[in-house]
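0 is the number of the first residue of the sequence shown in numbering that gives the first Met the number 0; add one for each residue after it.
Here a beta-carbon is modelled for each residue, glycine too, at the ideal position from N, C-alpha and C.
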Amino acid sequence: MKTGIDILAIGAHPDDIELSCGGTLAKAISQGKSVALLDLTQGEMGTRGTVAIRQKEAQRALKALGAKDRWNLKLRDGHLLNDESSQMRLIEVIRSCRPKLVICNAPTDRHPDHGHASALVVEACFKAGFAKLHSQMDGQAQEPFRPARIMHYIQFTQLHPDVVVDITGFVQVKMDAILAHTSQFYDPNSQEPETLIASKGFLEAVTHRDREWGRSIGVHSAEGFIAASQVGIDAITDLI
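Okay, structure coming up:
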């Protein structure tokens, strides 16, 4: 597992990351930042697709984004808990890859797993800095580490962002990563049951929201984020 990365993006399910912050990650990668993805579950409770199919799709999406590392904790989809066992599994990953920035699920959302994942990540990131909380990876004791910042991407539920990131120029990369999850989205030839995200207009709604956030800051497209803690700047001139 790569250590000292810039950004660790975490999602409750495969495709959460791509749908909500794919453009932001693609832009960061283009700027030379190191980015890794972590799925907490395999999406096994999803109506469409299988675990094997979704594993292949997740790797195709990773390639589309241009990132190199993607892991899966294989926690229980639909029963995701912010408990000690889940926290320790996540703490091991955090201490191993030591990310400067963690981006994770929305604090509250339509799918209960998203809110649970959000709380799990926030608590695990904090506890990963405890000197007396012992963990190991591959038989080696780990040093305490706490990420400098946590940001939450926004999902189905409309939430007001604290930060809006310009993704103009990376919209197609984001869509390519999303569409790598072929089983999950609209396909007129599919024989599987229709779901909310597999409905004909769902991806159009994602694109529309990105354009609305872009319009709010005077650009073509953007993604919104909620800060887990206050965002500070050195000087007001950093905004110009």
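Query	Result
Coarse secondary structure for Q183, derived from DSSP in three states	helix
Outcome for H240 when other beta-carbon atoms lying within 10 angstroms are tallied against a minimum of 16	Shown here, the chain extends from 0 to 239; a query on residue 240 therefore has no answer.
Beta strand (DSSP E) segment containing K32, residue limits	Per DSSP, K32 belongs to no beta strand (DSSP E) and is neither H nor E.
Residue span of the alpha helix (DSSP H) that contains L119, given as start and end	P111 to K126
I232 beta carbon less than 8 Å from that of K317	In this structure the chain extends from 0 to 239, so residue 317 is not present and cannot be described.
I235 to S228 span [Cα, whole Å]	19 Å
C-beta neighbour in chain D for V92, strict 8 Å	Among the chains of the structure shown, chain D does not appear; only one protein chain is present.
Cβ contact (3+ pairs, closer than 8 Å) linking the stretch 12 to 26 and the stretch 173 to 189	yes
Length of the line joining the Cα atoms of I196 and I239	38 Å
Separation of F184 from R210, as counted between CA atoms	20 Å
Residues bridged to V88 (per DSSP)	First, the amino acid is wrong: residue 88 is Arg here, not Val. DSSP output for R88 lists no bridge partner at all.
Supposed contact pair R47 and S134 - C-beta distance, whole angstroms, cut 8 Å	Going by Cβ atoms, the distance from S134 to R47 rounds to 36 Å, so no, they are not a contact pair.
Exposed unless 16 or more other CB atoms sit within 10 angstroms - verdict on N188	exposed
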